[in-house]
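Student:
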Amino acid sequence: MPFPLLATTPISSPLSPKNPLHRQPTKSPNNTHLLRLPNTISCEQKQVNNDGSSHQGIDRRNVLLGLGGLYGAATTTMAGGKVANAEGGPVQPPDISMCILATDSQADNEPVNCCPPNYSTTNIIDFELPPSYEPVNQRKPAHKLSPREIERYKAAIAKMKQLDPKDPWNFMQQATIHCTFCNGAFFQVNYPDKLLQVHGNWLFLPWHRYYLYFWERILGKIIGDPTLAIPYWNWDTADGMFIPSIYLDDKSSLYNDNRNHDHYKALMDFNYSNRPTPTPNPRPDEYDKVIKSNYDKVEKLFTKDQLAKASLFMGQPIVAGEENKTITENAGALEILHNLAHQWVGPVAKPNHDMGNFYTAARDTLFFAHHANVDRMWDIYRKKRGCKVEFNQPDFLEASFLFYDENRQLVRCKVVKLGTVSVLAEIIDSRKCAAGGRLRIMCRRNEKSTYVGHHRREWSGKDENEVVSDSLNAEKLGYTYAPEVSPWEGISRRIRKDKTGKKQEAKKQVQLVPVSEFGTQPRPLDDPIRALVPRPKKNRSKQEKEDEIEVLVVNNIQFEPGTNIQFDVYISKPVEGLATPDYGEYAGRFSRIPHIHNKKSQHTGKARLEIGITELVENIDAESSESLVVTLVHKTGYPSIGGVSIELQEIDD
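Just so it is clear: in the sequence shown, position 382 is 382 by full-length UniProt numbering, and no numbers are missing.
1. Leaving aside the five residues before and after PRO580 along the sequence, list all residues of the same chain whose C-beta is less than 7 Å from its C-beta, in chain order.
2. Identify the continuous alpha helix (DSSP H) that holds THR303 and give its terminal residues.
3. Starting from the Cα of residue 657, find the closest Cα among VAL298, LEU552, GLY519 and give me that residue.
4. Given that a residue counts as buried once 16 or more other Cβ atoms are within 10 Å of its Cβ, and exposed if not, what is PRO206?
5. Where GLU151 and HIS178 are concerned, what is the direct C-alpha to C-alpha distance, given to the nearest angstrom?
6. Please classify GLY315: does DSSP put it in a helix, a strand, or coil?
7. Can you give me the C-alpha to C-alpha distance between THR604 and ASP193, rounded to a whole angstrom?
8. Alpha carbon to alpha carbon, how far is TYR287 from MET241? Give it in angstroms, no decimals.
9. Cα-Cα, which of GLU585, MET377, SER293 is closest to ILE491?
10. Please name the residue or residues paired with LEU521 in a DSSP beta bridge.
11. To the nearest angstrom, how far is it from the Cα of LEU340 to the Cα of ASN271?
12. Under 8 Å by Cβ, that's how I've got ASP305 and THR614 pegged, so tell me the actual separation to the nearest angstrom.
13. Does DSSP put GLY642 in a helix, a strand or coil?
14. Kindly indicate which residue of ARG382, PRO226, PHE367, CYS182 has the alpha-carbon position closest to the one of ASN473.
15. Decide if ASN113 is buried, meaning its Cβ has at least 16 other Cβ atoms within 10 Å, or exposed.
16. Taking buried to mean at least 16 other C-beta atoms within 10 Å of its own C-beta, is PRO282 buried or exposed?
17. From LEU248, ARG412, LEU101, MET355, pick the residue whose C-alpha is nearest to that of ILE124; which is it?
18. Cutting at 6 Å between CB atoms, please list the residues of its own chain near SER42, excluding the five before and the five after it.
19. Consult DSSP for GLN174 and reduce its assignment to one of helix, strand or coil.
20. Take every Cβ of the stretch 213-231, pair it with every Cβ of the stretch 369-378, and state whether three or more of those distances are shorter than 8 Å.
21. Residues in the same chain with beta-carbon distance under 6 Å from ILE620, minus the five sequence neighbours each way, listed in chain order, please.
22. In the DSSP assignment, find the beta strand (DSSP E) that holds ASN392 and state where it starts and stops.
23. Could you name the residues of the same chain whose beta carbon sits closer than 8 Å to that of LEU267, not counting the 5 residues immediately before and after it, in chain order?
24. Considering only DSSP beta bridges, list what TYR586 is partnered with.
25. Within the same chain, show all residues whose beta-carbon is closer than 6 Å to that of SER640, passing over the 5 residues directly before and after it, in chain order.
26. Can you give the Cα-Cα distance for GLU489 and TRP378, rounded to whole angstroms?
27. Opposite THR480 in the DSSP bridges: which residues?
28. Whole angstroms are fine: how far does the CA of LEU212 sit from the CA of LYS140?
29. Quick one: what's got a C-beta closer than 7 Å to LEU578's C-beta in the same chain, skipping five residues either side?
30. Assuming GLY315 and PHE204 are in contact, meaning their beta carbons sit under 8 Å apart, how far apart are those beta carbons, in whole angstroms?
31. In the DSSP output, which residue or residues are listed as bridge partners for GLN188?
32. Suppose you measure from the CA of TRP235 to the CA of LYS144; what does that come to, to the nearest Å?
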């Protein structure tokens, strides 16, 4: 496959009148408009050599992910000018000259070439947010697009596919971006056992947000229409649980034949698994039941526990060289749920190209509609949390990415930008700045101020670095989502009520079964595993719950990396140390599409699953129980489980 042709000619800022691509201010057609925060400070573009000279480079502390790779030097300057390897902190960029063949895990670890060209002579500029006078584009559900919007989108994709194969805007070049950072084309510098990977950790959502952002703007530039907005596949509503029809026209530029054709007209079942035998499509008389079950899984994304602790939703932190010898994946609930659509759309037969395999997934235009809804779920999550910054840590806030923009310019994008307190004085609520506490960064919409984030630090009264939301706020990136009802809200309570009624009717016929603790040895998950799991504390007070949440941990999940893995988790209240035949309340799921984190352990993958259960324990009236019955139900693949436990974890600040 050919690789991107870099734009080596520096392009000035889009706001500069000297730039031939400079956009004149336009009048916003409606009130869907956001006055964005000023871009006060950009990432440093120069680095200092040991001899004191400067060179074009990249901040060494950044994670630079995107088309072409991760960039920079993995060193730290010590006292006396000595250089030492960095340990911990934000994941360091690789040596760009050390790109290796990536791996198609679902094709018996077949080597695949996703390497970028050498970027050593390329001018890289810092990303700037779209100017405040630009209207905010609205992304709509794919099945609700107007005929004009459909034709415009199809035309943009068709032109993208017709571009020179070496053009960085070319459709296949854009699709290759996903392969580079999902299939192991780079090791971390100084950590030859650890690959750079944007899945299974907290980088998953911000990286994919930027990926879609630039893809959307490139499409708009190709057809000369900056108002183009990509559609989203809103599989969280009943009407959206079918593959949108615009992707099923085999004469359309949106079509991809490498799909499971049996699902073209089928209602998507969130309980679907494709191994060993694909789950049958729901019959029309089963639709109501399946839709209700699907809604339950969506609502579980937004429990009080998930909202209180971002890692449960977004994935666990990752730092440089972490768990160098044995790589553990720690995906969040949204990434886990998102895997289902990949498996549903992709063909059953291995290697599951295109959507069912991360190496080829972005070759299907449905990938971008799916991930737009994933991004929308994150947007909903952020608003439910009052737009509070998810991870108040430099390891997350200072992560950054590289992508081609709509000017064929390679740009560096941080998760957030840094400004100074004095420069931001006008947009900081000074009442929150007094004598420590939280600084709340504000934006304005329709001349009204609203909080969009916060950053805790000690206030000194001096000009110091402060966090300014960037990729965390979709509207600041120039897009928003068409409002849709959320029919899944409250569904878990209704399901529980229905089940309670049925249990009351069958109460006299219930046959309790024995259940024991998990034990100390790993157990294969082929048949359901049921275990009595001790709780760290029962009958916790309201204050204790506000400080810590109860978290179920399924630890040391081991598997062959080239296989799909999926199992569901249920929790029930024990009755005098015994279990009911019913598995109880659905708590969550582990789901994994093959990809690798460690070249030297391609035959043994390892993961960990965390599920917040404070709210669930309340719902099943198990507050006074010393233990819970946890049931793991095998769906796909044959992992082994190292242990199951319950622990208390502090909530986010």
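Glycine residues also receive a C-beta, built at the ideal position from the N, C-alpha and C atoms.
Tutor: Well, looking at it:
1. Note on identity: in this sequence residue 580 is Thr, with Pro being the wrong assignment. Excluding sequence neighbours, THR580 sits near VAL510, LEU512, SER572.
2. It is not in any alpha helix (DSSP H) - THR303 carries neither H nor E in the DSSP assignment.
3. Outside the modelled stretch of the chain, which goes from 1 to 653, sits residue 657, for which no answer is possible.
4. buried
5. 26 Å
6. strand
7. 13 Å
8. 10 Å
9. SER293
10. According to the sequence shown, residue 521 is Gln rather than Leu. GLN521 is not bridged to any residue.
11. 8 Å
12. 5 Å
13. coil
14. ARG382
15. exposed
16. buried
17. ARG412
18. Confidence in SER42 is poor, its pLDDT being 27 and thus under 50, which makes the residue's placement too unreliable to answer from.
19. helix
20. yes
21. LYS573, GLU585
22. That residue, ASN392, is in no beta strand (DSSP E); it is neither H nor E in DSSP.
23. MET241, PHE242, ASN281, PRO282, TYR287, VAL290, ILE291
24. TYR570
25. PRO522, PRO524, GLN558
26. 16 Å
27. GLN138
28. 14 Å
29. LEU512, VAL513, PRO514, VAL515
30. 5 Å
31. TYR191
32. 13 Å
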